[in-house]
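K.L.:
Residue numbers (our numbering): 699 to 962. Here it is: the structure, laid out below.
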Ligand SMILES: Nc1ncnc2c1ncn2[C@@H]1O[C@H](COP(=O)(O)OP(=O)(O)O)[C@@H](O)[C@H]1O
Ligand SMILES: [Mg+2]
């Protein structure tokens, strides 16, 4: 379907319709139609500067489009007032590229930050939630981890603390903006595994922005390609492998990560 309202199909947690966004004379999003499937890992690929981060910021209401609609669980979030958008934002967790932890806060304080910011929860309950996440993300086997500061953690641990912070308010949707950019292949595989495991263990819908083809085809349930402000290919990994779109092939093939079957 294209520019109509959302389907009532529960399968799609987010539906984007005819989304436009310009900065001055620069048209970044030029009519995006895209659905993200509930409980799945949805990946958006595209070259640098194509508008991937801009698109992601719209999902959480951090940017307002010039026109178009974004339905989250069937509710159009475009133009919502502050209180309503804050409620929508609580459905989302955001995992930042470099974990973006606060250097002066320890692990518990970093993870608990969104809770302290949003609610007046008893300290005991906050600690329970944080410790549950430390266990589930395999961070509890490091002695004294709760009091450690980000500088005392390995890169992989920092990523997991950042993930714990994104999960602490029990989001339904996790957004990852280029989570493997700048990582070596082993670290990339670890992050891929973390994304997959989190999707399975927490049942979240994942939206991952990526330009890493190997990761994309390893973890994606659905893949969409953003090019020149539009979605030029979208589907399962198998569907994308079979898609003839030259812009897609040009983007994916040079990476050597994926060998396209030659259609006969
Ligand atoms: N707040 C902003 N103001 C002006 N231009 C912006 C803003 N945010 C992004 N852009 C521009 O929009 C384009 C897409 O940016 P971005 O979404 O960050 O690309 P990427 O696909 O690499 O994530 C870039 O040309 C960028 O300079
Ligand atoms: Mg970006």
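Just so you know, even glycine gets a beta-carbon here, dropped at the ideal spot from N, CA and C.
What I want to know is whether the C-beta of residue 726 ends up closer than 7 Å to one or more non-hydrogen atoms of ligand 1.
P.N.:
To locate residue 726, count along the chain shown from 1; it is residue 28. Because some heavy atom of ligand 1 lies under 7 Å away, the Cβ of residue 726 counts as near it: yes.
K.L.:
Return the chain-ordered list of same chain residues with a C-beta closer than 7 Å to the C-beta of residue 881, the five sequence neighbours on each side being excluded.
P.N.:
In the chain shown, residue 881 corresponds to position 183, counting from 1. Excluding residues within five positions, the ones whose Cβ falls inside 7 Å are 889.
K.L.:
If you reduce the DSSP assignment to three classes, tell me which class residue 960 lands in.
P.N.:
As a first step, residue 960 is located in the chain shown; it is residue number 262 there, counting from the start. Reliability of the predicted coordinates at residue 960 is poor, the pLDDT of 39 falling under 50, and the value obtained from them is presented with this limitation in mind. Correct three-state label for residue 960: coil.
K.L.:
For residue 690, count neighbouring C-beta atoms within 10 Å of its own C-beta (all shown protein chains included) and say buried if the count is 16 or more, exposed if not.
P.N.:
The structure shown does not extend to residue 690, since the chain is modelled only from 699 to 962, so the question has no answer here.
K.L.:
Say the cut is 7 Å; is the CB of residue 766 nearer than that to a heavy atom of ligand 1?
P.N.:
For the purposes of this step, residue 766 is identified with residue 68 of the chain shown, where counting begins at 1. False, no ligand heavy atom lies under 7 Å from that Cβ.
K.L.:
In its own chain, which residues sit with a C-beta less than 8 Å from the C-beta of residue 762, not counting the 5 before and 5 after it?
P.N.:
For the purposes of this step, residue 762 is taken as residue 64 along the chain shown, with counting starting at 1. Only 756, 776 and 777 meet the Cβ criterion.
K.L.:
Report all residues from its chain with a CB closer than 7 Å to the CB of residue 751; omit the five preceding and five following residues, and keep chain order.
P.N.:
Mapped onto the chain shown, residue 751 falls at position 53. Within the same chain, residue 751 has close Cβ partners 875 and 907.
K.L.:
Would you be able to state if there are at least three C-beta pairs under 8 Å between the region 725-745 and the region 779-794?
P.N.:
No, because fewer than three Cβ pairs between the region 779-794 and the region 725-745 fall closer than 8 Å, the two stretches do not touch.
K.L.:
The alpha helix (DSSP H) with residue 735 in it runs from where to where?
P.N.:
Locating residue 735 in the chain shown gives position 37, where the first residue counts as 1. Run containing residue 735: none in the alpha helix (DSSP H); it sits in the beta strand (DSSP E), 724-735.
K.L.:
Considering only the alpha carbon of each residue, which of 802, 807 and 867 lies closest to residue 817?
P.N.:
As a position in the chain shown, residue 817 is number 119, starting the count at 1. It is 867 whose Cα lies nearest to the Cα of residue 817.
K.L.:
Run through DSSP, which three-state label would residue 805 get?
P.N.:
Here residue 805 corresponds to residue number 107 of the chain shown, with the count starting at 1. It is helical.
K.L.:
Compute every distance between the C-beta of residue 802 and the non-hydrogen atoms of ligand 1, then say whether any falls below 7 Å.
P.N.:
Reading the chain shown from its first residue, position 104 is the one you call residue 802. No, Cβ of residue 802 sits at least 7 Å from all heavy atoms of ligand 1.
K.L.:
Report all residues from its chain with a CB closer than 8 Å to the CB of residue 937; omit the five preceding and five following residues, and keep chain order.
P.N.:
As a first step, residue 937 is located in the chain shown; it is residue number 239 there, counting from the start. So no residue of the chain qualifies.
K.L.:
Under 8 Å, with one C-beta from each stretch per pair, do the region 822-836 and the region 789-799 reach the 3-pair mark?
P.N.:
No: fewer than three Cβ pairs fall under 8 Å.
K.L.:
Ligand 2 heavy atoms versus the CB of residue 707: any closer than 7 Å?
P.N.:
Locating residue 707 in the chain shown gives position 9, where the first residue counts as 1. Not under cutoff, so the answer is no.
K.L.:
Can you tell me whether residue 713 is buried or exposed, with buried defined as 16 or more other CB within 10 angstroms of its CB?
P.N.:
Here residue 713 refers to the residue found at position 15 when the chain shown is read from its first residue. Buried, since its Cβ has 16 or more Cβ neighbours within 10 Å.
K.L.:
On the premise that residue 786 lies in contact with residue 859, defined as a C-beta separation below 8 Å, what is that separation, rounded to the nearest angstrom?
P.N.:
If you number the chain shown from 1, residue 859 lands on position 161. If you number the chain shown from 1, residue 786 lands on position 88. Rounded, the Cβ-Cβ distance is 25 Å, inconsistent with contact.
K.L.:
Rounded to whole angstroms, what is the Cα-Cα separation between residue 801 and residue 911?
P.N.:
Along the chain shown, one-based indexing puts residue 801 at 103. Along the chain shown, one-based indexing puts residue 911 at 213. Rounded to the nearest angstrom, the two C-alpha atoms are 32 Å apart.
K.L.:
Taking the DSSP output, what are the residues bridged to residue 902?
P.N.:
Here residue 902 corresponds to residue number 204 of the chain shown, with the count starting at 1. Partner(s): none; residue 902 has no beta bridge.
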